[in-house]
Structure formats: C-alpha cells, structure tokens
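*Asks:* Counting from 13, one number per residue, gives the positions in the sequence shown under this note's numbering. Before I ask anything, here is the structure I am working with.
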Amino acid sequence: MKWTNQLKASTTLLAALVMAGCSSYPDEGQGGMGEYTAMSDFSPVFPEEPLGPEHGLRFDFHLARLQLDSLINQGAEWCFPASVVQAETKEKRIARELEGGLLLDAANDIVILRKNLNKLELQLDYVTSETECVPPSQNASFQSDKAIITQLVDLLNVDNQFAVGSTEINPKYMGHLAEAANLLKQHRHLKLSVTGHADMAGSPEYNEKLAMGRAKQVERYLVIFGLETARIQTLSVGETLPLTEGDTPAIRLTNRRVSIDIVSTNAQGGGYEHL
Numbered sequence: 013m014k015w016t017n018q019l020k021a022s023t024t025l026l027a028a029l030v031m032a033g034c035s036s037y038p039d040e041g042q043g044g045m046g047e048y049t050a051m052s053d054f055s056p057v058f059p060e061e062p063l064g065p066e067h068g069l070r071f072d073f074h075l076a077r078l079q080l081d082s083l084i085n086q087g088a089e090w091c092f093p094a095s096v097v098q099a100e101t102k103e104k105r106i107a108r109e110l111e112g113g114l115l116l117d118a119a120n121d122i123v124i125l126r127k128n129l130n131k132l133e134l135q136l137d138y139v140t141s142e143t144e145c146v147p148p149s150q151n152a153s154f155q156s157d158k159a160i161i162t163q164l165v166d167l168l169n170v171d172n173q174f175a176v177g178s179t180e181i182n183p184k185y186m187g188h189l190a191e192a193a194n195l196l197k198q199h200r201h202l203k204l205s206v207t208g209h210a211d212m213a214g215s216p217e218y219n220e221k222l223a224m225g226r227a228k229q230v231e232r233y234l235v236i237f238g239l240e241t242a243r244i245q246t247l248s249v250g251e252t253l254p255l256t257e258g259d260t261p262a263i264r265l266t267n268r269r270v271s272i273d274i275v276s277t278n279a280q281g282g283g284y285e286h287l
C-alpha cells in the first residue's frame with residue numbers, strides 16, 4: 013500500500029508546529045532527546061480538547077506506525093531486518109519526545125522516519141517483484157542476528173560524541189566504537205554507513221568539512237579496533253539534517269554527531285540492504 017499521498021496531508025500541520033517553535037530540554041527520564049525507551053500508545057485525537065499542533069503530530073506518528081506495520085506484514089522484517097530495527101528505534105524515540113512535550117523534536121524525527129519508510133517501501137517493492145520475503149528456515153539464527161543489529165544501533169547512535177568545532181571523539185563514545193567493532197568482527201555480513209553531522213555554529217562549507225572529518229574519525233577508530241575499511245562507508249550532510257531544531261547549547265551538543273546505519277548483506281534475493 014502506498015502512503016505518500018496520505019502523509020502529505022499532514023505536512024501543513026508540521027509546518028504550523030515549526031512556526032510555533034515548541035522545543036525544550038527535559039531531565040533524563042522525561043522524554044529527553046537521547047532516550048530510546050518503550051513505545052507509548054498515543055491516540056490521534058484527544059476527546060473534548062481543541063485541536064492543536066500535538067494532535068497533528070500524533071496523527072502523523074500513527075500514519076508512520078501504520079506504514080511500518082504494513083511493510084512488516086509484507087515481509088520487510090525478513091528481507092530488511094536492519095531497516096526495520098532502526099525504524100522501530102526511531103518510533104520509540106518519537107513516542108518519548110511526544111510524551112515529554114518535545115514537539116519540535118518529534119516533528120523533526122517524524123520527517124526522518126517517513127523518509128526512511130518511503131525508501132524501505134521502494135526497496136521492498138523491488139525485492140518482492142523478484143522473490144518473496146518469508147521467514148528464514150533458521151529462525152533462531154535470524155532472531156539472534158536481529159538482536160545484534162539492535163545492540164549495534166543502541167551502541168553507535170548516542171548523544172555527546174564530539175566537542176565544539178572538533179573531530180576528536182568523546183572517550184566514552186570511543187568505548188562504544190570498540191565494543192561495536194568487536195561485535196561486527198563476529199558478524200561479517202553487517203556493514204556500516206557513517207554519516208557526519210555538525211551544528212549550525214559555522215558556515216555551511218565549514219560544517220560540511222567538519223562533518224566529514226567526524227565520519228572519517230569514526231572510521232579511523234573502527235579500523236584501529238579491527239574493522240576492515242571496506243565494511244565502512246562515510247558520508248557528510250554538514251548542518252542540513254539536525255537531530256533537533258534549535259540553537260541552545262544542549263541542542264547543539266546533540267547535533268554534533270555521526271549517525272550510523274547498519275547495512276546487512278544477508279537480504280533475501282542475494283542483494284544488499286541499503287539504509
């Protein structure tokens with residue numbers, strides 16, 4: 013089922029939210045930007061309450077969840093497990109942001125999630141035109157593989173990775189890279205796509221170069237920890253895809269980062285799972 017037209021209907025609501033400028037930085041446990049916790053159940057409309065930006069976000073969030081559910085029902089979990097794991101992780105983040113009142117942050121993450129789901133839909137359409145996405149015969153092995161992907165996603169995508177204007181990696185994050193490299197050495201069918209990001213403090217040209225430097229620095233340490241260069245792809249988007257909109261010190265901290273996607277070469281049909 014195609015969702016593009018349905019999702020476009022909520023774009024106006026997201027634009028209205030951005031104009032409202034709703035964003036904050038709550039304490040840990042209250043929907044903070046770096047939290048990946050259990051999914052909450054949201055209703056798209058609140059009874060006996062006037063409609064506002066949060067209603068539009070909740071409705072848009074439900075559309076994205078329905079799209080992912082539809083893709084899973086079509087077999088996306090079997091052909092593209094890494095993509096499904098990362099979409100589910102993003103859903104949990106959005107749920108926490110909505111629960112914590114981080115409406116602008118949730119809007120930004122919903123846009124990213126929708127883009128990833130549309131990409132997954134195209135991939136699934138292509139694969140299912142040639143073969144079926146069905147549970148593997150070694151289901152226990154598949155579930156173990158999915159658990160490893162989930163662990164890698166949580167290890168590699170955390171906040172507080174870099175200092176201002178620097179490519180030097182936070183020592184704690186370096187420990188995460190070492191642990192991830194050890195896991196990846198045991199699961200050779202998994203590769204990484206490392207995308208560098210910068211906050212809005214510098215010029216676009218400077219931020220593009222800085223973001224690529226961060227991606228390359230992550231690649232350098234992964235190689236030091238024993239991962240082959242051929243298993244790592246590096247990209248830069250500069251300041252153009254912030255994790256959170258805004259210009260406070262806390263928000264700039266979360267936007268100085270790399271985002272790392274897991275790429276599985278075990279997708280059915282002999283192809284790669286590109287994220």
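A virtual CB, placed ideally from N, CA and C, is assigned to each residue, including glycine.
1. DSSP on Leu132, reduced to helix/strand/coil?
2. Using beta-carbon positions only, say whether Leu115 and Glu66 come within less than 9 angstroms of one another.
3. Smallest Cα separation from Glu191: which of Val123, Ser141, Leu167, Leu125?
4. How would you call Leu78, buried or exposed, if buried means at least 16 neighbouring beta carbons within 10 angstroms?
5. Grab me the residues of Ala50's own chain with a C-beta within less than 6 angstroms of its C-beta, minus the 5 sequence neighbours each way, in chain order.
6. Which residues bound the alpha helix (DSSP H) around Gln86?
7. Tell me whether Arg268 is buried or exposed, calling it buried when 16 or more other Cβ atoms sit within 10 Å of its Cβ.
8. What would DSSP say about Ala94, mapped onto helix, strand or coil?
9. For Val96, count neighbouring C-beta atoms within 10 Å of its own C-beta (all shown protein chains included) and say buried if the count is 16 or more, exposed if not.
10. Does DSSP put Cys34 in a helix, a strand or coil?
11. Could you give the distance in angstroms between the alpha-carbon of Leu234 and the alpha-carbon of Asp117?
12. Going by C-alpha to C-alpha distance, which of His209, Ile124, Asp157 sits closest to Phe174?
13. May I ask which residues mark the beginning and end of the beta strand (DSSP E) holding Thr207?
14. With a threshold of 8 angstroms, are at least 3 pairs of Cβ atoms found where one atom belongs to the region 235-252 and the other to the region 96-111?
15. List the endpoints of the continuous alpha helix (DSSP H) containing Val230.
16. Please report the straight-line C-alpha distance between Ala119 and Asn128, rounded to a whole angstrom.
17. Return helix, strand or coil for Gln245, following the three-state DSSP convention.
*Replies:* This is what the structure gives:
1. For the purposes of this step, residue 132 is taken as residue 120 along the sequence shown, with counting starting at 1. In this structure, Leu132 counts as helix in the three-state DSSP scheme.
2. Translated into positions along the sequence shown, residue 115 becomes position 103. Translated into positions along the sequence shown, residue 66 becomes position 54. Yes, they are a contact pair.
3. Here residue 191 refers to the residue found at position 179 when the sequence shown is read from its first residue. Sorting Val123, Ser141, Leu167, Leu125 by C-alpha distance to the C-alpha of Glu191 places Leu167 at the top.
4. Translated into the one-based positions of the sequence shown, residue 78 becomes position 66. With fewer than 16 other CB atoms across the displayed protein chains lying within 10 angstroms of its CB, Leu78 is exposed.
5. For the purposes of this step, residue 50 is taken as the residue at position 38 of the sequence shown. Low per-residue confidence applies at Ala50: pLDDT is 45, beneath 50, and the placement is therefore not dependable enough to give any value.
6. Within the sequence shown, the letter at position 74 stands for residue 86. Judged by DSSP secondary structure, Gln86 falls outside any alpha helix (DSSP H); it is assigned neither H nor E.
7. The sequence position of residue 268 within the sequence shown is 256, counting from 1. When all chains shown are included, Arg268 counts as buried.
8. Along the sequence shown, read from residue 1 onward, the residue named residue 94 stands at position 82. Secondary structure at Ala94: helix, using DSSP grouped into helix, strand and coil.
9. Position 84 of the sequence shown, counting from 1, holds the residue named residue 96. Answer is buried; the Cβ neighbour count reaches 16.
10. One-based indexing of the sequence shown puts residue 34 at position 22. Low confidence applies here, because Cys34 scores a pLDDT of 43, under 50, leaving its location unreliable and the question unanswered by this model.
11. Along the sequence shown, read from residue 1 onward, the residue named residue 234 stands at position 222. Along the sequence shown, read from residue 1 onward, the residue named residue 117 stands at position 105. Answer to the nearest angstrom: the Cα atoms are 30 angstroms apart.
12. Here residue 174 corresponds to residue number 162 of the sequence shown, with the count starting at 1. Measuring from the Cα of Phe174, the nearest candidate turns out to be His209.
13. One-based indexing of the sequence shown puts residue 207 at position 195. Looking at the DSSP string, the run of the beta strand (DSSP E) that includes Thr207 is 202-208.
14. Segments in contact, no.
15. Position 218 of the sequence shown holds residue 230. Element bounds for Val230: 216-236.
16. In the sequence shown, the residue the question calls residue 119 occupies position 107. In the sequence shown, the residue the question calls residue 128 occupies position 116. Rounded to whole angstroms, the gap between the alpha carbons of Ala119 and Asn128 is 14 angstroms.
17. If you number the sequence shown from 1, residue 245 lands on position 233. DSSP places Gln245 within a strand segment (E or B) once states are collapsed to three.
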